[in-house]
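Protein chains: 2
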Amino acid sequence: MKPFDFYNPTRIIFGNGTFARLGAETAKYGKKALLVKAQGPLEKMGVYSRAAKLLADAGVRVLSLEGVSANPKLSSVREGIKLCQQNKLEVVVAVGGGSAIDCAKAIAVGAVDEGDVWDFFTGKRAAGKALPIGAVSTLAATGAEMSLHCVITNEAEKKKYATHFEVNYPRFSIIDPELHKSVPRFLTACGLCDTITHAGENYFIGDRNTPMTDRIAEGVILTVLENDRVLEEPENLELRANHAWAAAIGINGLTDCGRGAFYYGAHTIEHAVSAHFDVAHGAGLAVVHPAWLAYLCEQDPARFAHFAERIFGIKGKSAREAGLAGIAALKAKYADWGLPVTLKELKVPTDQATFEKIAADCLVDPDSGIKDQKIVLDVLGRCR
Amino acid sequence: MKPFDFYNPTRIIFGNGTFARLGAETAKYGKKALLVKAQGPLEKMGVYSRAAKLLADAGVRVLSLEGVSANPKLSSVREGIKLCQQNKLEVVVAVGGGSAIDCAKAIAVGAVDEGDVWDFFTGKRAAGKALPIGAVSTLAATGAEMSLHCVITNEAEKKKYATHFEVNYPRFSIIDPELHKSVPRFLTACGLCDTITHAGENYFIGDRNTPMTDRIAEGVILTVLENDRVLEEPENLELRANHAWAAAIGINGLTDCGRGAFYYGAHTIEHAVSAHFDVAHGAGLAVVHPAWLAYLCEQDPARFAHFAERIFGIKGKSAREAGLAGIAALKAKYADWGLPVTLKELKVPTDQATFEKIAADCLVDPDSGIKDQKIVLDVLGRCR
Numbered sequence: 136m137k138p139f140d141f142y143n144p145t146r147i148i149f150g151n152g153t154f155a156r157l158g159a160e161t162a163k164y165g166k167k168a169l170l171v172k173a174q175g176p177l178e179k180m181g182v183y184s185r186a187a188k189l190l191a192d193a194g195v196r197v198l199s200l201e202g203v204s205a206n207p208k209l210s211s212v213r214e215g216i217k218l219c220q221q222n223k224l225e226v227v228v229a230v231g232g233g234s235a236i237d238c239a240k241a242i243a244v245g246a247v248d249e250g251d252v253w254d255f256f257t258g259k260r261a262a263g264k265a266l267p268i269g270a271v272s273t274l275a276a277t278g279a280e281m282s283l284h285c286v287i288t289n290e291a292e293k294k295k296y297a298t299h300f301e302v303n304y305p306r307f308s309i310i311d312p313e314l315h316k317s318v319p320r321f322l323t324a325c326g327l328c329d330t331i332t333h334a335g336e337n338y339f340i341g342d343r344n345t346p347m348t349d350r351i352a353e354g355v356i357l358t359v360l361e362n363d364r365v366l367e368e369p370e371n372l373e374l375r376a377n378h379a380w381a382a383a384i385g386i387n388g389l390t391d392c393g394r395g396a397f398y399y400g401a402h403t404i405e406h407a408v409s410a411h412f413d414v415a416h417g418a419g420l421a422v423v424h425p426a427w428l429a430y431l432c433e434q435d436p437a438r439f440a441h442f443a444e445r446i447f448g449i450k451g452k453s454a455r456e457a458g459l460a461g462i463a464a465l466k467a468k469y470a471d472w473g474l475p476v477t478l479k480e481l482k483v484p485t486d487q488a489t490f491e492k493i494a495a496d497c498l499v500d501p502d503s504g505i506k507d508q509k510i511v512l513d514v515l516g517r518c519r
Numbered sequence: 136m137k138p139f140d141f142y143n144p145t146r147i148i149f150g151n152g153t154f155a156r157l158g159a160e161t162a163k164y165g166k167k168a169l170l171v172k173a174q175g176p177l178e179k180m181g182v183y184s185r186a187a188k189l190l191a192d193a194g195v196r197v198l199s200l201e202g203v204s205a206n207p208k209l210s211s212v213r214e215g216i217k218l219c220q221q222n223k224l225e226v227v228v229a230v231g232g233g234s235a236i237d238c239a240k241a242i243a244v245g246a247v248d249e250g251d252v253w254d255f256f257t258g259k260r261a262a263g264k265a266l267p268i269g270a271v272s273t274l275a276a277t278g279a280e281m282s283l284h285c286v287i288t289n290e291a292e293k294k295k296y297a298t299h300f301e302v303n304y305p306r307f308s309i310i311d312p313e314l315h316k317s318v319p320r321f322l323t324a325c326g327l328c329d330t331i332t333h334a335g336e337n338y339f340i341g342d343r344n345t346p347m348t349d350r351i352a353e354g355v356i357l358t359v360l361e362n363d364r365v366l367e368e369p370e371n372l373e374l375r376a377n378h379a380w381a382a383a384i385g386i387n388g389l390t391d392c393g394r395g396a397f398y399y400g401a402h403t404i405e406h407a408v409s410a411h412f413d414v415a416h417g418a419g420l421a422v423v424h425p426a427w428l429a430y431l432c433e434q435d436p437a438r439f440a441h442f443a444e445r446i447f448g449i450k451g452k453s454a455r456e457a458g459l460a461g462i463a464a465l466k467a468k469y470a471d472w473g474l475p476v477t478l479k480e481l482k483v484p485t486d487q488a489t490f491e492k493i494a495a496d497c498l499v500d501p502d503s504g505i506k507d508q509k510i511v512l513d514v515l516g517r518c519r
């Protein structure tokens with residue numbers, strides 16, 4: 136086990152009906168809030184009007200940032216920062232999925248800074264302060280509600296980069312499964328895939344002697360697989376809850392402890408793909424992650440045999456054979472769930488020029504652990 | 136899954152050599168510290184002189200509280216509070232096992248309070264503030280380094296009670312496996328048992344549909360069982376590390392999420408036993424925990440069958456049969472490790488009068504979930 140720091144101060148408020156606590160929790164951190172709203176059906180479902188009433192009842196005045204898109208854009212971040220600075224807002228509250236929460240995180244950092252917020256994403260500067268952040272997670276997927284990670288797309292430069300600042304841990308996150316039950320099937324499947332990918336990224340790199348960390352990562356993946364019936368029973372709040380808690384645990388830091396390595400290879404490649412082609416993150420991962428694993432399996436088949444046995448009960452003749460069978464089983468799950476598993480299905484071109492553009496982007500991503508263009512080309516070739 | 140709050144802001148600094156960070160981490164919280172020292176071989180091993188030098192080098196002035204015993208005593212707490220108040224100390228640093236850390240937690244609460252610190256343990260008052268606490272964990276066992284729990288023995292009244300205040304989360308805890316390698320075999324075995332018990336207490340009560348939480352609890356237990364070779368290889372730092380991280384995860388709140396129940400039945404009975412007979416906590420648990428589980432198994436055999444299969448791969452003819460086989464396997468492990476598994480081995484009397492005294496104590500423990508004396512008598516009967 137390699138040395139590590141683990142620190143995660145987010146207060147998780149979990150359970151049916153906990154949305155009602157939004158006002159009281161927010162008021163602990165400020166009386167003037169920016170409410171960051173995701174695009175999509177939440178407005179129609181009355182979620183935002185409930186949020187506004189809960190905040191008002193707790194004496195919190197609210198300005199809103201409307202229409203934050205999937206793959207949240209730098210322009211939304213800049214707009215939110217302006218609202219905070221001009222109105223001296225004290226707390227940023229996101230209501231939505233990972234996109235709204237990530238947008239709130241970037242705004243929270245930018246609002247107390249004089250410079251350009253994109254500097255934080257290109258690695259020019261680190262953030263040591265931020266406005267306090269609260270979140271209401273309406274979709275189990277990115278785990279942004281319990282992580283310090285923040286991913287923003289610079290739409291002008293077609294770059295999708297991440298930051299990892301401790302000040303970006305939400306002070307509180309409400310995970311109320313009742314808010315998840317209207318998530319459409321495709322987005323639910325994307326969330327299942329995203330959760331598995333988070334737990335499965337660092338699992339395959341770094342130190343191997345990490346039994347406690349492995350068990351948590353495997354627990355996340357097994358919980359997702361054992362609750363995928365949520366696709367057929369979208370209003371089953373128990374299944375929603377089980378996925379939601381796995382999604383939060385899957386990227387709250389616990390699945391990385393002791394590995395001595397931190398980079399999300401499949402995410403790096405998916406970010407480069409979706410920066411250009413604006414695909415749903417979870418759908419992009421369903422294509423890229425199994426291909427990335429197949430590449431890694433060639434480097435360390437024993438690790439994949441371990442994975443295949445723990446997750447799918449597969450024991451093969453050789454480690455490589457068992458490992459590849461495990462990856463195939465994962466990919467088959469994604470296809471079963473109705474997710475694309477090839478770039479063609481994702482409507483992403485598969486010509487060499489596109490691949491080279493994506494590979495070049497991966498190498499300049501300041502967050503990337505991939506150091507050789509050939510690796511990306513190899514992986515993309517497996518995605519065709 | 137039942138609603139829950141999860142909040143754990145302790146910064147864990149984990150790995151060989153991380154002890155060196157004690158000074159810099161402490162200095163973030165104050166320049167005048169109380170150093171809480173456990174009884175035992177740490178002084179001889181030079182751990183305290185290293186701690187003192189690390190703190191001095193970081194500009195932290197130190198007063199020491201010496202000789203905190205296992206089952207830390209209220210008199211030590213009172214002495215520490217006096218030192219803090221008279222010298223306006225700003226931060227409390229524990230170096231030792233769970234006893235030193237628990238003592239530091241009680242001191243931290245009492246030092247900023249005008250009243251009697253024992254009131255917090257009898258449930259008369261709740262603590263909303265405390266001095267900041269730092270910890271160096273020298274023994275993997277109680278998980279005090281990453282929990283809000285604090286157990287103190289009132290030696291005059293022969294009561295051993297617990298508090299659970301958020302202000303008692305250590306600000307930071309250093310878990311340096313190098314400091315664990317001299318822990319004697321018996322205490323190491325006690326720590327293995329304590330870790331399993333923590334993960335296994337609430338596992339058997341409350342809501343059953345908690346798959347993510349179950350996987351973490353099972354992961355803790357499996358990690359301990361798969362690394363018990365540490366008893367034969369005490370200087371194997373990988374085994375020490377694996378146990379140490381499992382010990383912290385086992386009681387940091389994650390193994391309780393969604394159960395909607397929180398009480399530690401085996402701990403309640405063990406606390407009453409050790410308040411009278413001052414037995415090592417882990418040894419007391421090795422006797423009481425399997426008996427407590429056998430009692431619970433009669434109420435809900437299906438849950439125990441699930442446990443037996445996940446942990447020991449046992450599948451039985453009936454749930455009860457499989458469940459009892461799982462409990463027997465656990466008890467056999469404890470015996471293998473050289474721990475006592477009966478009250479006789481523990482040198483605790485087994486007459487009716489003693490049992491009734493222990494049972495009466497359990498019922499008045501403000502932290503107890505056991506509401507009927509008969510239950511305690513049933514469990515103690517199984518410990519003979």
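Which chain is which? The protein sequence lines are A and B, in order.
So the first sequence is numbered by the numbering used here: it starts at 136 and just counts up by one.
So the second sequence is numbered by the numbering used here: it starts at 136 and just counts up by one.
Ideal Cβ positions, reconstructed from N, Cα and C, are used throughout, including at glycine.
- In summary, the residues of the segment 328–362 of chain A whose CB is separated from some CB of chain B by less than 9 Å are N344, T345, P346, M347, T348, D349, R350, I351, E353, G354, V355, L357, T358, E361, N362, in the order they occur in the chain.
- Residue contact with chain A for B:I148: present (Cβ-Cβ distance below 8 Å to some residue of chain A).
- Under the Cβ distance rule, B:G250 does not count among the residues neighbouring chain A, no pair being separated by less than 8 Å.
- Secondary structure note for B:A270: it is in no alpha helix (DSSP H), and the uninterrupted beta strand (DSSP E) holding it is 268–272.
- Note on geometry: alpha-carbon atoms of A:K188 and A:V182 lie some 10 Å from one another.
- Runs of beta strand (DSSP E) with 3 or more residues, each lying fully within the segment 488–518 of chain B, are absent.
- Counting along the chain, A:T298 sits inside the beta strand (DSSP E) bounded by residues 294–299.
- The C-alpha of B:V212 lies about 50 Å from the C-alpha of A:V212.
- For B:I384, the neighbours in chain A by C-beta distance under 7 Å run, in chain order, M347.
- Between the alpha carbons of B:A279 and B:I462 lies a gap of roughly 26 Å.
- Listed in chain order, the non-local C-beta contacts of A:T358 below 7 Å within the same chain comprise N377, A381, local neighbours out to five positions each way being set aside.
- Annotated three-state conformation of A:S409 is helix, per DSSP.
- B:P176 is classed as exposed because its beta carbon has fewer than 16 other beta carbons within 10 Å across all chains shown.
- Linking B:G194 to B:Q508 through their CA atoms gives a straight-line distance of about 54 Å.
- At a beta-carbon threshold of 8 Å, the residues of chain B lying near A:F141 are R146, I147, F149, ordered along the chain.
- Leaving aside the five residues that flank A:A401 on each side, the residues in its chain whose CB is nearer than 7 Å to its CB run, in chain order, T332, E336, L420, V423, H424, W427.
- When DSSP states are grouped into helix, strand and coil, A:F141 belongs to the strand group.
- Judged by beta-carbon spacing, A:Y304 lies beyond the 8 Å limit of A:L274, meaning their Cβ atoms are not closer than that value.
- Excluding its 5 nearest sequence neighbours in each direction, B:A159 has C-beta neighbours in its own chain below 8 Å: A193, listed in chain order.
- In the DSSP assignment, A:E249 falls outside any alpha helix (DSSP H) and carries neither an H nor an E.
- Closest by C-alpha distance to B:A418, out of B:K452, B:F439, B:F321, is B:F321.
- Taking 8 Å as the threshold, the shortest C-beta distance from B:E373 to chain A falls below it.
- Taking a contact to require three or more Cβ pairs closer than 8 Å, the segment 287–294 of chain A and the segment 338–358 of chain A do not qualify as touching.
- One finds G150 in chain B with Cβ atoms closer than 8 Å to the Cβ of A:K137, taken in chain order.
- Residue range 284–289 is occupied by the beta strand (DSSP E) that includes B:I287.
- A direct Cα-to-Cα measurement between B:D413 and B:N206 gives close to 7 Å.
- A:D502 has its alpha-carbon roughly 13 Å from the corresponding atom of A:R260.
- Residues are counted here when their Cβ sits less than 9 Å from a Cβ of chain A; for the segment 455–477 of chain B the count is zero.
- Distance between A:A383 and A:M281, taken at the CA atoms: about 6 Å.
- Ranked by how close their Cα comes to the Cα of B:A488, the residues B:F307, B:D237, B:G385, B:L515 have B:L515 in first place.
- B:A379 and A:K217 have their alpha carbons spaced roughly 47 Å apart.
- For B:T298, no chain A residue has a C-beta closer than 8 Å to its own C-beta; the minimum C-beta separation is roughly 20 Å.
- Of B:M180, B:Y398, B:A186, B:A173, the smallest CA-CA separation from B:T153 is found for B:A186.
- For the pair A:G395 and A:K137, the CB atoms are nearer than the 8 Å cut-off.
- Around the CB of A:N222, fewer than 16 other CB atoms lie within 10 Å, so the residue is classed as exposed.
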